[in-house]
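Residue numbering for the sequence shown follows the working numbering, beginning at 20 and increasing consecutively. We put the CB at the ideal spot given by N, CA and C, even for glycine. The model shown is predicted, which means the values in this text are computed figures rather than measured ones.
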Amino acid sequence: MKKVKNYFAIAILFIATTTNAQINLPAGFAKATIVLYGGSALSGYVKENIKKSASIVFFNDSQNKKIIYDGNQISSIKINDDNYICVSGDFFKVISTGKITFVQKQSDASNKPSYNGNEPVFNNGTEGSIGDYFVYRNSKLNIINRKTIEAFINKDLADDIVATEKAKNLNGDVTKLKDAIDIYNKSTK
20 MKKVKNYFAI
30 AILFIATTTN
40 AQINLPAGFA
50 KATIVLYGGS
60 ALSGYVKENI
70 KKSASIVFFN
80 DSQNKKIIYD
90 GNQISSIKIN
100 DDNYICVSGD
110 FFKVISTGKI
120 TFVQKQSDAS
130 NKPSYNGNEP
140 VFNNGTEGSI
150 GDYFVYRNSK
160 LNIINRKTIE
170 AFINKDLADD
180 IVATEKAKNL
190 NGDVTKLKDA
200 IDIYNKSTK
């Protein structure tokens, strides 16, 4: 009987702690980990404004304040199960990672001002539009679209026959390229 009371007490304590943590979570925020360009990692909650303003609002319980970070300040971010990298102020959702990192553009930071003291500095952002696909390798983005997919397949996937065949059967549909890149990444580890 004493064990049952102990388990019951632990269960109530767990429920109370979990409920309290959920009450402190601001509405519209999701669990996230941010890696800033300096290398420091922050865990807390974010409200993403990625498509709207190429930024996120960060909140953690210990500081009890909200901080806005834009893509120029962030190296990478994980929101729930989604991973993003930031390049030239833009956010890119990571679709496949390995020797070839396949990403999709999620923001447009072009002409977004950042400030060096009182001086506004305008960001050129990255090429392409929101929704475009890219390969990110050696700190460079290469757009993959109907015009460039064939060259990508013949050059970058050429040393893996299975991945090349899979990609050639896509009929230029870039949205399905993930499967071929996954095959390539698994075989070239």
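Can you tell me whether residue i is buried or exposed? The criterion is at least 16 other CB atoms within 10 Å of its CB, across all chains shown.
i, result
"Q123", "buried"
"I180", "exposed"
"Q82", "exposed"
"S74", "buried"
"Y56", "exposed"
"A60", "exposed"
"D175", "buried"
"I42", "Any reading at I42 must be qualified, since the residue scores a pLDDT of 47, below 50, and its modelled position is unreliable; the value itself is stated next. Burial call: exposed."
Identify, in the order they occur along the chain, each residue of the same chain with its Cβ nearer than 8 Å to the Cβ of residue i, setting aside the five sequence neighbours on each side.
i, result
"S115", "F121, K197, I200, D201 and N204"
"V193", "Y152, I163, N164, R165 and I168"
Once the 5 residues before and after residue i are set aside, which same chain residues still bring their CB inside 6 Å of it?
i, result
"N102", "V113"
"S206", "D179"
"S62", "T52"
"R165", "G191"
"V76", "K66, K85 and I87"
"I17", "Past the boundaries of the shown model lies residue 17; the chain is included only from 20 to 208, so the question cannot be answered."
"V54", "A60, S94 and S95"
"G147", "K124 and I162"
Where does the unbroken alpha helix (DSSP H) through residue i begin, and where does it stop?
i, result
"T214", "Residue 214 lies beyond the range of the chain shown here (20 to 208); nothing can be said about it."
"N173", "I168 to D175"
"T183", "I180 to K187"
Ordered along the chain, which non-local residues of its own chain (more than five positions away) have a Cβ less than 7 Å from that of residue i?
i, result
"K195", "L189"
"L160", "V106, T145 and F153"
"K97", "A51 and T52"
"G108", "A73, D89, G90, N91, A128, K131, N142 and G144"
"I211", "Lying before the first or after the last residue shown, residue 211 is absent from the chain, which here runs from 20 to 208."
"F78", "P45, F48, G63, Y64 and K85"
"G150", "Q123 and K124"
How is the beta strand (DSSP E) around residue i delimited, first residue to last?
i, result
"L160", "K159 to I163"
"V193", "Per DSSP, V193 belongs to no beta strand (DSSP E) and is neither H nor E."
Quick check: is any heavy atom of the ligand HEM less than 7 Å from the C-beta of residue i?
i, result
"A182", "Ligands displayed in this structure: none; no statement on the ligand HEM is therefore possible."
If we cut at 8 Å on Cβ distances, does residue i have a partner in chain B?
i, result
"D127", "No chain B appears in the structure shown, which is made up of a single protein chain."
Do residue j and residue i come within 8 Å of each other at the CB atom, strictly closer than that value?
i, j, result
"Y155", "I104", "yes"
"A214", "N99", "Look at the range of the chain in this structure, 20 to 208, and you will see that residue 214 is not part of it."
TODO: Pick out the complete beta strand (DSSP E) segments inside the segment 36 to 117, 3 residues or longer, and give them in chain order.
DONE: 49 to 55, 60 to 68, 74 to 79, 84 to 89, 93 to 98, 101 to 106 and 109 to 115
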